[in-house]
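Heads up: the structure comes next, in structure tokens.
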């Protein structure tokens with residue numbers, strides 16, 4: 575909504591992103607869960623948790639998918 579806004583009073587307005595993944599976290603289809611969030615000026619502006627579209631074979635693959643999604647969102 576245009577009438578709502580966020581106000582920040584931090585001295586340093588830095589965007590910080592976090593990303594993680596849960597290998598085979600969904601018990602129904604063995605798909606992993608991607609989790610990411612962004613803080614701006616110390617406050618959370620975005621938080622997201624979603625089941626990945628692919629079934630990964632290794633933990634590293636799951637993390638790569640999560641990092642990729644986080645990077646795309648940051649851009």
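In the numbering used here, the protein residues as written are 575 to 649.
We put the beta carbon where it would ideally sit given N, CA and C, even for glycine.
Where residue i sits in the DSSP three-state scheme
| i | result |
| --- | --- |
| residue 647 | helix |
| residue 592 | strand |
| residue 641 | helix |
| residue 629 | coil |
Cβ shell of residue i (< 7 Å), same chain only, five flanking positions each side left out
| i | result |
| --- | --- |
| residue 637 | 595 |
Length of the line joining the Cα atoms of residue i and residue j
| i | j | result |
| --- | --- | --- |
| residue 612 | residue 635 | 22 Å |
| residue 616 | residue 630 | 33 Å |
Residues near residue i by beta carbon distance below 6 Å, same chain, minus five either side
| i | result |
| --- | --- |
| residue 632 | none |
| residue 621 | 611 |
Spatially closest choice to residue i from the options, by CA coordinates
| i | options | result |
| --- | --- | --- |
| residue 641 | 608, 617 and 616 | 608 |
Exercise. Hey, is the segment 626-635 in contact with the segment 578-591, meaning 3+ C-beta pairs nearer than 8 Å?
Worked result: no
For this session: Determine, using beta-carbon pairs with one atom in the segment 594-612 and one in the segment 578-585, whether at least three such pairs fall under 8 Å.
Result: no
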